[in-house]
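> Protein chains in written order, with my numbering: chain F, 1 to 396; chain P, 397 to 754; chain X, 755 to 914.
Take a look at this one; I'll ask things after.
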Amino acid sequence: MSEISKDLHTEHMVINMGPSHPVTHGTVKFLATLEGETIIDLDVEIGYLHRGFEKMCENSTWQQVIPYTDRLNYVSPLINNTGYALAVEKLLGIDVPERCKYLRVIACELSRLSDHLTNVAAAGLELGAFTAFLYFVEARELVWDLIEALCGARVTVNYIRIGGLKNDLPERFEEKVKYTFKEVRRLWKDVDKLLTKNRIFIDRVRGVGAISAEEAIAYGFTGPCLRACGVPYDVRKAQPYLVYDRMDFEVPIGETGDNYDKYLVRMEEIQQSMRIVEQALAQMPDGPINVRMPQVRMEPKEKIYSRIDSLIYHFKTVIEGIKPPPGEVYLAVEGGNGELGFYLVSDGSGKPYKCRVRPPCFALTAAMPRLVKGRLLADIVPTFDMINMIGGECDR
Amino acid sequence: MLADLIESLAKIVFIFTVNVGVFAPILGWVERKQSAVMQDRIGANRADILGFTAIGLFHSLADAVKLLTKEDFVPANANKFFHTLAPFIALVPAISAFAIIPFGGRYELFGREINLVIADLDVGILYVFALAGLATYGTVLAGWSSRSNWSLLGGLRASAQMLSYEVAMGLSIIGIIIVYGSLRLTDIGAAQENFFRWGIFLQPVGFIIYMTCAIAENKRIPFDIPEAESELVAGYFTEYSGMKFVMFWMAEFLEMVTISAIVTTLFFGAWHIPFVTDAMLLSWFSGFAGPNGAAALAMAVNIAVFFAKVSFFIWLQMTIRWTLPRFRYDQVMRMCWKMLLPLSLINLSITGLVVLLL
Amino acid sequence: MKESVTLKKLMEKFPDDIVGTHSYRGDDTAVVKKDKIRDICLFLRDDPDLLYNFMMDLTAVDYLGRDPRFEVVYHLYSLPHNRRVRLKALVPESDPTIDSVVSVWVAADWFEREAYDMYGVKFIGHPNLRRILLYEGFEGHPLRKDYPLKKRQPLIGPVN
């Protein structure tokens, strides 16, 4: 047998998966070297969605950065908004009103909901379970309806402001939430029935893309992918921001870190996010949603039009930007995929001197070769999906 | 002689119309509608003629127009001849397999004996397997001749999968052949006049193995690894467009019909209604329609029953397709060689033993 | 405010290499010389009181007109102690090189490639220092402050 294979002239096949390929949602290229169907080498090329986020930020005022953050992780833009606003507030040394904090928590969790729903849906789609995909897309659609009711946009929300929010809750929001969550829970059960105990699904994801906790930490994994390895690290629990310390929620963890655990962790986090939103809605106090600092957060339009000092502040903040003191801060929030960090450097002017984002999926994507090497070509599909690389965030 | 020719032509035209004219386009619509119903969607309902949408049926028409007018694209380095030949090899067996499937009984009409099957071959079921084997070439050739890595991988997967499943599929049917003692499908169909002699009661394991293998042979989810769009873009037909693409697509749908027809014939009483024999039908109808009219009516009933059963199995296949995720390549192969093949061998030996003892 | 354990231990261990420390807005920061960055990182990772097992972020900042011009910024996180620290290594323009920390944290691989891509800081000992977000053939390093905002890049054809 060995003699025969010695005589056979064989060579490895190099295939380009991407940048435009059904599995590379977001734009990424895998240069896979195959021996038969086994991947013996994988090179990941990113950057197809690079648009110079940092350079743009350095050339816009502090407030103008917020719409750019929408486009980072475009599946959970509200978390990016919040992370950036919190980082600037930390730089300014200010604290936002209670009601604003609760609203931000609601916004973040709705975003996380849509992120996880999309991710699990896409996993189903790519493994051929089209029906599960559409069930969760329907659920996400309902969540997006909520987000639209909250801030007037579905994807590019641009809702959180430095020192406050764009607007307060719309009328009858609680009822909408109640209805939506009932529907989402129904669809969640359907998908749970379709996938969680489905033998084919389990065979495809069980044991694939597994990584030990130590290795995951070394690779800089955060978020659901790290928790699937059994490390209960969640920024919301470890370093609570906003009012997460007052919320009662669990951080689900897995054991082996394989794709099945990642799937289960995400499924459970969908439930937990809904719990958090319900609690936040119940606990939320009345009160203002913006800080009363006209040099940071614009005053209401009526005041600007009727009072000279408000008009001056408005003029100054719009033309020159708000001016945080010189210094630097790093602030992390729990994004859909893991720790979303903002490292801001201010030189005291109206524009960020440096606005760096720590994208969670960047470190995850870097581990792709480690996760799939030696496995079959088809294993790229669930592994890459559970990594949940979002092009806008990874490439910035 | 001429009458024979006319009879055969009439049957061919009938089957061809039903399959290519009705089933292939309608199945496209059914597939869309059924998936829409399963997935809480409205489904295909946009194509309209003068504002009239016909619950989405015009989509098949729109598809046909689009696909016929599309550019016929051949990749630069492809082998043009084989690239063109492949879809034909895939489609022709799918259509011709229907030639031996009986869709009704044997009746006396105007003094002629009419057998409702195009070709009553004595090798019967073997012919179906031969054609299924031929269809493999279409797939493999398509994958190979496209000069694309994705196509090639799809073609390789297809050849491995289809050849493997043919083995298990063939073995699963031998049980039925032993039980009915004939390869001729008309005989097998006629033998199931008695409800308790239906194939499903005599060969339940054979049915499950056959159904699984047949879906795998047809490369539909959960066995669609040769095309696996999330892995191999579209597998062996990545580089096809327009009419050639639609030929693969039609081959898949027609094969679905063929599989359902074979399952009906072998396991579900062919054209028979439970507890109703052809003779009973004839005697009921002859009361008011005369002997010829009765034969014609009985034929119509046979055909209707047969295609109703076929439709049910098409529905079943579609439900499976829209419910399950896709296997991985090695899992498909393992399932074939380590589960289905031993199972069909056991089934075969037990059947043989029981038949011998009885 | 309470003196940070991390900074205190760093000062004790590497008195000559720490240029300065601060805890602005609660973020512990140590400005270090670039020569011993690998040793410092190893110490931070392995010392039982510190155990900074996560390398969360690595980037560079360009302080144009200052000497040393660049800072390579490391954000570390210690899971056992739930602490963060920021290391800033000073890198002069004349010699924009620093030791790679890939051998300390694998995660640094892509982050260092990105810092190289954007700022042109070379990481010595990096296994595969190529551009990551931009393409081979891109001229200059776009996040340097002297890179013009609207600079046009030459058109390049297909690579292969």
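The C-beta atom is built at its ideal place from N, Cα and C for all residues, glycine as well.
Do ILE617 of chain P and ARG724 of chain P have their C-beta atoms closer together than 8 Å?
The answer is no: Cβ separation not under 8 Å.
> Determine the DSSP secondary structure at TYR179 of chain F, reduced to helix, strand or coil.
helix
> Look at VAL191 of chain F and VAL120 of chain F and say whether their C-beta atoms are less than 8 Å apart.
yes
> With a threshold of 8 Å between beta-carbons, can MET1 of chain F be considered close to chain P, or not?
Low per-residue confidence applies at MET1 of chain F: pLDDT is 47, beneath 50, and the placement is therefore not dependable, though the value from the model is reported in the following sentence. Cβ-Cβ to chain P under 8 Å: no for MET1 of chain F.
> Identify each residue in the stretch 854 to 881 of chain X for which the Cβ-Cβ distance to at least one residue of chain F is less than 7 Å, and report them in chain order.
TRP859, VAL860, ALA861, ASP863, TRP864
> Span of the beta strand (DSSP E) holding MET852 of chain X?
In the sequence as presented, Met is not what sits at residue 852 of chain X; that position holds Ile. Residues 851 to 853.
> For ARG266 of chain F, which residues from the same chain have a beta carbon less than 7 Å from its beta carbon, with the 5 sequence-adjacent residues on both sides left out?
HIS116, ASN119, VAL120, PRO224
> Grab me the residues of SER637 of chain P's own chain with a C-beta within less than 6 Å of its C-beta, minus the 5 sequence neighbours each way, in chain order.
Result list for SER637 of chain P: LYS466, PHE469, in chain order.
> Give the C-beta separation of PRO908 of chain X and GLU893 of chain X to the nearest angstrom, bearing in mind that I take them to be a contact with Cβ-Cβ under 8 Å.
7 Å
> Leaving out five residues before and five after VAL701 of chain P in sequence, what residues of the same chain have Cβ atoms less than 6 Å from its Cβ?
Non-local C-beta neighbours of VAL701 of chain P in its own chain, meaning closer than 6 Å and more than five positions away in sequence, comprise TRP667, ILE669, ordered along the chain.
> Specify the secondary structure class of MET389 of chain F as computed by DSSP and reduced to three states.
coil
> Please state whether DSSP places GLU868 of chain X in a helix, a strand or coil.
helix
> For MET1 of chain F, does the count of other Cβ atoms within 10 angstroms reach 16, so buried, or fall short, so exposed?
With a pLDDT of 47 at MET1 of chain F, under the threshold of 50, the predicted position of this residue should be treated as unreliable, though the coordinate-derived value follows. So MET1 of chain F counts as exposed.
> Let me know the secondary structure DSSP gives PRO300 of chain F once reduced to three states.
Of the three classes helix, strand and coil, the one that applies to PRO300 of chain F here is coil, per DSSP.
> Suppose the cutoff is 6 Å on Cβ atoms and the five residues either side in sequence are ignored; what does the same chain contact list for LEU34 of chain F look like?
MET13
> Given that GLU467 of chain P touches chain F, what residues does it touch there, using C-beta distances under 8 Å?
Within chain F, no residue has its beta carbon less than 8 Å from that of GLU467 of chain P; the closest one is some 20 Å off.
> Step through the CB atoms of chain F and report whether any lies within less than 8 Å of the CB of GLN435 of chain P.
yes
> At which residue ranges does the stretch 533 to 589 of chain P contain complete alpha helix (DSSP H) runs of 4 or more residues, listed in the order of the chain?
545 to 576, 581 to 587
> Name, please, each residue of chain F whose Cβ falls closer than 8 Å to the Cβ of VAL724 of chain P.
The sequence given here places Arg at residue 724 of chain P; Val does not occur at that position. Chain-order list of chain F residues neighbouring ARG724 of chain P: ASP203, ARG204, LEU376, ALA378, ASP379, by C-beta distance under 8 Å.
> Please report the distance separating the alpha-carbon of ASP516 of chain P from that of ALA450 of chain P.
39 Å
> Entirely within the stretch 291 to 367 of chain F and at least 4 residues each: give me those alpha helix (DSSP H) ranges in chain order.
301 to 306, 308 to 320, 360 to 366
> Who are ASP816 of chain X's beta bridge partners in DSSP?
Beta bridge pairing from DSSP links ASP816 of chain X with X:PHE824.
> Measure the C-alpha to C-alpha separation of MET755 of chain X and HIS21 of chain F and round it to an integer number of angstroms.
Confidence at MET755 of chain X is low in this model, with a pLDDT of 44, below 50, so its placement is unreliable and no value can be given for it.
> Examine chain P for any beta-carbon lying closer than 8 Å to the beta-carbon of ILE200 of chain F, and answer yes or no.
yes
> Distance, Cα to Cα, SER541 of chain P vs LYS373 of chain F?
29 Å
> Using only alpha-carbon positions, find the residue among F:ILE162, F:GLY152, F:LEU281, F:PRO67 that is nearest to GLY93 of chain F.
F:ILE162
> Please tell me whether MET298 of chain F has its Cβ less than 8 Å away from any Cβ of chain P.
MET298 of chain F has a beta carbon lying at 8 Å or more from every beta carbon in chain P.
> List the residues of chain F that ILE617 of chain P touches, going by C-beta distances under 9 Å, in chain order.
GLY128, ALA129, PHE130
> According to DSSP, HIS776 of chain X sits in a beta bridge with which residue or residues?
X:THR783
> Can you give me, in chain order, the residues of the stretch 335 to 357 of chain F that have a beta carbon less than 7 Å from any beta carbon in chain X?
GLU339, GLY341, TYR343, VAL345, LYS354, ARG356
> Could you compute how far the alpha carbon of THR24 of chain F sits from the alpha carbon of ILE886 of chain X?
17 Å
> For the pair the stretch 571 to 588 of chain P and the stretch 636 to 651 of chain P, tell me if three or more CB-CB distances fall below 8 Å.
no
> Return the CA-CA distance between ALA472 of chain P and VAL414 of chain P, expressed in angstroms with no decimal places.
38 Å
> At the level of alpha carbons, what is the spacing between ALA399 of chain P and LEU487 of chain P?
One alpha carbon belongs to ALA399 of chain P, the other to LEU487 of chain P, and they sit about 30 Å apart.
> Are there 16 or more other CB atoms within 10 angstroms of the CB of PHE315 of chain F, so buried, or fewer, so exposed?
exposed
> Under 8 Å Cβ to Cβ from VAL433 of chain P, same chain only, skipping five residues before and after it: list those, please.
So the qualifying residues of the chain are GLY439.
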